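Protein chains: 2
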Amino acid sequence: MAIRYSDPVNAIKHSDTGDILKLIAQPDMISFAGGLPAEELFPAEEIAKATEIVLKNTPGKALQYGPSLGYDPLRESIAKRMNRMVKTNYTKDNVLVTCGSQQGLDLLCRLFCNKGDTVLVEKPSYLGAITAFNLSQVNYVEIPGDGKGMIIEELEKALKENEVRLIYVVTDFQNPTGITWTRERREQFMEVVDRYEVPVIEDNPYGELRYEGEFLPSLTTFDKKGLVCSLGTFSKTFAPGMRLGWIAANTTFIEKCDLLKQNMDLSTSPFSQHVCEAWLDNFDFDAHVTSVRDLYRSRRDAMLNAMDEFFPKEVTYTRPEGGLFIWCTLPEYMVSRDILKQCIEKKVAFVPGDPFFTSEGNTNFLRLNYSCNDEETIRTGIQRIAEVLKANLK
Amino acid sequence: MAIRYSDPVNAIKHSDTGDILKLIAQPDMISFAGGLPAEELFPAEEIAKATEIVLKNTPGKALQYGPSLGYDPLRESIAKRMNRMVKTNYTKDNVLVTCGSQQGLDLLCRLFCNKGDTVLVEKPSYLGAITAFNLSQVNYVEIPGDGKGMIIEELEKALKENEVRLIYVVTDFQNPTGITWTRERREQFMEVVDRYEVPVIEDNPYGELRYEGEFLPSLTTFDKKGLVCSLGTFSKTFAPGMRLGWIAANTTFIEKCDLLKQNMDLSTSPFSQHVCEAWLDNFDFDAHVTSVRDLYRSRRDAMLNAMDEFFPKEVTYTRPEGGLFIWCTLPEYMVSRDILKQCIEKKVAFVPGDPFFTSEGNTNFLRLNYSCNDEETIRTGIQRIAEVLKANLK
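Protein chains in written order, with UniProt numbering: chain G, 1 to 394; chain A, 1 to 394.
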């Protein structure tokens, strides 16, 4: 008998991402490909102090096994922050702490979906969510947007025609498009979803990173039946290396999540959780997030300004009010993977758009990240891409 | 449409563990129920120093996203330690760092098993492994042991009669029985398994906690076809709150594990990993493990001595050379859950044995933990259990 892997593992497509990443890893490459937070923003000294406090005051609790729902004071802090920022009405009992949002995606798909079930996603949608959901062997229906969120008629049609088990959306500064749903669209969306009673994952990794305009309420504020599971993370506002995220949802869902979490990894690191909570408790989270916003805003502006100046008018792109990404639409005859090859020769890189779709085609899109390069580098990199784009115009 | 959860979630049995734990949580209860390491052993001050070193020298790397395989220097340290302790022949490329061993159990079952596949387990086996595997909706065949490891004839029979996709064993100081497989049995086991080419999880959370006798080689040393996946953890030798474990296996398996890990949670906390590696690098792991062994050895002795003195001769039990647990066999007419109820009234608790079996029945076993109570408390608790046992003799 030969070794046989499970079906979902066999179905993981060989991606060329590894090969691309190797090419990009050259030292003089300007990369807009990743989505990494800027390392200079990590509050390393404050974290050292927070750790000292934790290991002095509660070493036994921070270093011992902990509850699978998470560390209560951190759950409480998360609920309070969400209530303030996106107008939810949560208590700690609505929160389960995960090893980053990625685990939340895997966990929630395992909670709601069997093999072959249908999941609704935005067109395009977050690549990492699609690959996580693939482990549960689900099928997808893509719902297009119009720049203000999902098109409601398309949503309703899909819900009518399919037995949908889960909907996945990113309503603030979506990855990859950078688009934010309007308040009205959120309300309309929940009106329809409440009618069909389908659980919704509202993934919100970038919500705090708003550089202008008003904070918009979470889908939960329009959710009359407790269908929305909010995913959040400290990766963009604190430090991704802590691997701290959360699921916030109605307590029945959270109790089920708890059962899964227990069997998946017992709990998220109590050490990381205690350090994070001590940091929130002893330092100024608001001030820190403000400095993150300030840096990323200027980088976004630098990138958009350079694109306005150098990109040919045949290429269009989003103007995100926050988050980390700009989404470009090339003329249909251009293939973003070909453009990427030419760009890599000029020592600049991005992510081609096609992996963000569950359907075939979609070859003329690309995603640009502006969070981890300085303004001058951004300008140089955009200029290089612009040259390639111009050379490929028909 | 009503909310429907996935089949594995619906299949999670309501356990009475929660109710038992609530009863046990009374302040004057002596609990031998858990399996917690002794908190007084956690090297809190050293961890604070290790964190300081990390956040001074490599804050960017420790707080940023990290590779899903884990932090290379830590992977290297794990491989070297295994090679020294259990005679493996691993390099860092054989190691993937997990969020504790529990995640390794979930990940490996997802790697090898589809719904309905057959997994061989020891009779009895580790409860946490069974509940993790249940998420993949597998079936079980239990293989009895004889105090020296799995009975080889039973193993061979099961492999002949079933299309087995995975075998799960704990060869050192098993949870729940405390039994260690002999060297000869390990060799015989691998001879059979190599013939059938079935992947094996050798879970070894307690291997370092040997209080007497010789360290025995890992199953991998007898594995000619690269079938063994070793699970290890820092939870018992360092601190469970870091949530650091690992899978060690042939590089083909590790590459597949990497694909799963990426989609499950991107990576184990780089912060925890860097702190652990800095601690290994700057402090004396061997000396620390020696102090852990010394404390647990005296507690094991205290428990066994008290059992020898107070328990009725009708009750038999294992004499583990290491680990955290003693396994008791009651006369068949006694039901361990009834005994537990009576014990809780006398303010002493243990875990009944039946959840460690995948078959029904098995009502006359119980597991005792000795790691987190001092010797005097252990003696008092055992005396109380002995009184209940005697009162229940026929």
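All C-beta atoms, glycine included, are put in the ideal place defined by N, C-alpha and C. Here the structure is a predicted model, which means the values were calculated and not measured.
When the beta-carbon positions are compared, G:VAL164 and G:VAL198 come within less than 8 Å of each other. Between A:ILE152 and A:VAL193, the gap from beta carbon to beta carbon reaches 8 Å or more. Exclusion of the five residues before and after G:ILE24 leaves SER31, ALA33, ALA349 as the residues of its chain whose Cβ lies within less than 6 Å of its Cβ. Within the region 128-164 of chain G, the complete beta strand (DSSP E) segments of 3 residues or longer fall at 139-144, listed in chain order. Contact between A:LEU105 and A:CYS229 fails: their C-beta atoms lie close to 10 Å from each other, not under 8 Å. Distance check between A:ILE247 and each of A:ALA239, A:TRP279, A:ASN263, A:ASP203 places A:ASP203 closest, using alpha-carbon atoms only. The Cβ-Cβ distance between G:ASP28 and G:LYS347 falls below 8 Å. One Cα belongs to G:LEU63, the other to G:LYS157, and the distance between them is close to 51 Å. Annotation for A:ILE382: MET303, ALA306, MET307, PHE310 place their beta carbon closer than 7 Å to its own, counting only its chain and skipping 5 residues before and after. The beta carbon of G:MET29 sits no closer than 8 Å to any beta carbon of chain A. For A:GLN102, the neighbours in chain G by C-beta distance under 8 Å run, in chain order, ASN263, MET264, ASP265, LEU266. Counting the other CB atoms within 10 Å of its CB gives A:ARG84 a total below 16, which places it among the exposed residues. Neighbourhood of A:GLN26 in chain G, by CB distance below 9 Å: empty, with the nearest CB roughly 18 Å away. For A:PHE32, DSSP assigns no beta-bridge partner whatsoever. In this structure, the alpha-carbon of G:LEU69 lies about 51 Å from that of G:PRO312.
Under the three-state reduction of DSSP, G:THR221 is assigned to helix. When Cβ-Cβ separations below 8 Å define contact, G:TYR211 makes no contact with chain A. Judged by DSSP in its simplified three-state form, G:ASP203 adopts strand. Here DSSP, grouped into helix, strand and coil, assigns A:ILE247 to strand. Taking G:VAL121 as reference, the option from G:LYS115, G:TYR333, G:MET82, G:GLN174 with the minimal CA-CA separation is G:GLN174. Here the region 44-57 of chain A makes no contact with the region 249-256 of chain A; the two share fewer than three CB pairs at distances below 8 Å. When only Cα atoms are considered, A:PRO352 and A:PRO144 end up about 19 Å apart. Looking at the DSSP output, G:ILE326 shares a beta bridge with G:LEU368. For A:THR98, the enclosing beta strand (DSSP E) starts and ends at 95-98. Assignment of A:VAL121 by DSSP, reduced to helix, strand and coil, places it in the strand class. Here A:LEU41 has VAL292 as same chain residues with Cβ atoms under 6 Å from its own Cβ, once five neighbours each way along the sequence are excluded. Within its own chain, the residues whose Cβ lies closer than 6 Å to the Cβ of G:ALA386, once the five positions on either side in sequence are excluded, are PHE310, PHE311, listed in chain order. Residues of chain A whose Cβ lies closer than 9 Å to the Cβ of G:MET242 are, in chain order, LEU63, SER269, PRO270, PHE271, SER272.
Residues of chain G with a Cβ closer than 9 Å to the Cβ of A:ASN139 do not exist; the shortest Cβ-Cβ separation is about 15 Å. G:LEU216 carries a coil assignment under DSSP once its states are collapsed to helix, strand and coil. In the three-state reduction of the DSSP assignment, G:TYR196 falls in the helix class, which pools H, G and I. Per the C-alpha coordinates, the member of G:GLU154, G:THR290, G:ASN134, G:GLU76 positioned closest to A:GLN262 is G:ASN134. Bounds of any beta strand (DSSP E) do not take in A:CYS276; it lies within the alpha helix (DSSP H) bounded by 270-282. With respect to chain A, the C-beta atom of G:ILE12 has a partner C-beta closer than 8 Å. Cβ neighbours of G:VAL119 within its own chain (closer than 8 Å, five residues either side excluded): CYS109, CYS113, PHE133, VAL138, ASN139, TYR140, VAL141, VAL164, ARG165, LEU166, ILE167, TYR168.
With fewer than 16 other CB atoms across the displayed protein chains lying within 10 angstroms of its CB, A:LYS224 is exposed.
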